[in-house]
Amino acid sequence: MTLDEVRCETGKDSVLQIVIKELRHELTVNASQDIVLRGNRLVLPGSLYQKAIQLAHVGHMGIVKTKQLIREKVWFPGINAEVEKAVQECIPCQAATFQHHTESLKISDLPAEPWVEVSVDFTGPFSSGDYLLVVVDDHSRYPEVEIVTSTAANAVIPKLDKIFSTFGMPEIVKTNNGPPFNSYCFVDFSAYLGFKHRKVTPYWPKANGEVERFMRTLKKTIVTTNAEGKPWKQCLYSFLRNYRATPHGTTQKSLAELLCGRKISTTLPLNPQGRKKNDLSDTDQIAKQRMKRPSKQSERIQDQSR
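Residues in the sequence shown are numbered consecutively from 1, following the UniProt record's numbering.
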């Protein structure tokens, strides 16, 4: 859903046209954009309610997560009730409903900083024979997921190396004591990169609670995707995009914000004023100014070429 689409449908919506004229004291009206804002959220015309709900429910997150995501981006009257109704009537979600565990998962203390401690585990195999390697940052709950053909060290270690090259080296990597984490190859890998490998028992998933919680949601996504007859590998990325952009129930910040320091875009429309220049940190501003200045070396080269 694009901002142009919201703008076009807002112009056709008689209710929002009245709102623009009469309720300026309650809602912010961006006249230059022909859109209506409630706080920092776009107010959607009636013709786009269901489309927005469908986009927020891509990946088949539950009622709470779907509401958290859609309310982060947009608003319309009765938004909570409409989302609840849509998710409750979602047939793939009904087919993938799992029984709740009688024991709650262990809630571990948050590390002080992002990407200091990460939890690693697998789910699978799936009908394709593939597994999913899951890495969850224990601070932000931000998940990274890689498709692997097996749980052997030669398949897993390059994927972990790829993830660590993107986000940097964690201090602690928590895994179960199964393969490949009990192999000499993984011992060498941890020594080479310098992280501490902490093992938890594979028969007590509560000990690795962060990754186990996400794993339940991930498994539901795969089941619902198969129920719809869609390619699960492609749908996986749509789910991850929405999941990472959803505010956490406790922090009220999205997982991407907690790890990367910024909100990420999804297929839901974004308030055009949502990204302001003054949101940049002082470090970013200083870096931008320095990049604009010619370096001393480039000045010398220019002088020599004259």
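Glycine is no exception: its CB is placed at the ideal position from the N, C-alpha and C atoms. From a predicted model like this one, the values you see are computed outputs, not experimental measurements.
Check: Terminal residues of the beta strand (DSSP E) in which S119 lies; Outcome: 117-123
Check: Helix, strand or coil at I264 according to DSSP, with G and I counted as helix; Outcome: coil
Check: Buried or exposed by the 16-neighbour rule on C-beta atoms within 10 Å, applied to E113; Outcome: exposed
Check: For C260 and V87, the rounded distance between their alpha carbons; Outcome: 30 Å
Check: Cross-strand partners of T224 (DSSP beta bridge); Outcome: In DSSP, T224 forms no bridge with anything.
Check: Other residues of its chain near K73: CB distance less than 6 Å, five sequence neighbours each side excluded; Outcome: L268
Check: Neighbourhood of S183 by C-beta distance below 8 Å, restricted to the same chain and skipping five residues each side; Outcome: A153
Check: Other residues of its chain near Q17: CB distance less than 7 Å, five sequence neighbours each side excluded; Outcome: none
Check: Reduced DSSP secondary structure (H/G/I, E/B, other) of R141; Outcome: coil
Check: Own chain residues within Cβ distance below 6 Å of L258, not counting five before or after; Outcome: S140
Check: DSSP beta-bridge partners of N176; Outcome: V200
Check: 8 Å Cβ shell around L69 - same chain, five flanking residues per side excluded; Outcome: A56, M61, N242, A245, T246, P247, T266, L268
Check: Proximity of I53 and E84 at Cβ, strictly below 8 Å; Outcome: no
Check: Span of the alpha helix (DSSP H) around V58; Outcome: Per DSSP, V58 belongs to no alpha helix (DSSP H) and is neither H nor E.
Check: L105 to T2 span [Cα, whole Å]; Outcome: Residue placement at L105 is flagged as unreliable, the pLDDT there being 48, under the threshold of 50; a coordinate-derived value is accordingly withheld.
Check: Contact set for D121: own chain, Cβ-Cβ below 6 Å, skip 5 residues either direction; Outcome: V134, V211
Check: Span separating the alpha-carbon of L110 from that of P170; Outcome: 14 Å
Check: 8 Å Cβ cutoff met for V200 and N176; Outcome: yes
Check: Burial state of I79, where buried means 16 or more other Cβ atoms lie within 10 Å; Outcome: buried
Check: Buried or exposed by the 16-neighbour rule on C-beta atoms within 10 Å, applied to S165; Outcome: exposed
Check: Those residues which DSSP pairs with I147 across a bridge; Outcome: L132
Check: Host beta strand (DSSP E) of T37 (start-end); Outcome: It is Leu, not Thr, that sits at residue 37 in the sequence shown. L37 -> beta strand (DSSP E) spans 35-38.
Check: P143 classed as buried or exposed, judged by whether at least 16 other C-beta atoms fall within 10 angstroms; Outcome: buried
Check: Residue from I35, P45, R198 whose Cα sits closest to the Cα of G178; Outcome: R198
Check: Reduced DSSP secondary structure (H/G/I, E/B, other) of N242; Outcome: helix
Check: Simplified DSSP state of L105, which is helix, strand or coil; Outcome: Any reading at L105 must be qualified, since the residue scores a pLDDT of 48, below 50, and its modelled position is unreliable; the value itself is stated next. Looking at L105 - three-state DSSP - the assignment turns out to be coil, as it is neither helix nor strand.
Check: Selected residue, minimal CA-CA separation from T224, among P180, P92, K67, R216; Outcome: P92
Check: N- and C-terminal bounds of the alpha helix (DSSP H) containing L69; Outcome: 63-73
Check: Burial state of N162, where buried means 16 or more other Cβ atoms lie within 10 Å; Outcome: It should be pointed out that residue 162 corresponds to Lys in this sequence rather than to Asn. By the 10 Å Cβ count, K162 comes out exposed.
Check: Strand pairing of V15, partner residues [DSSP]; Outcome: DSSP lists no partner for V15.
Check: Nearest residue (CA-CA) to V173, options Y131, L132, S119, K220; Outcome: S119
Check: Alpha-carbon to alpha-carbon, A256 and residue 310; Outcome: Lying before the first or after the last residue shown, residue 310 is absent from the chain, which here runs from 1 to 306.
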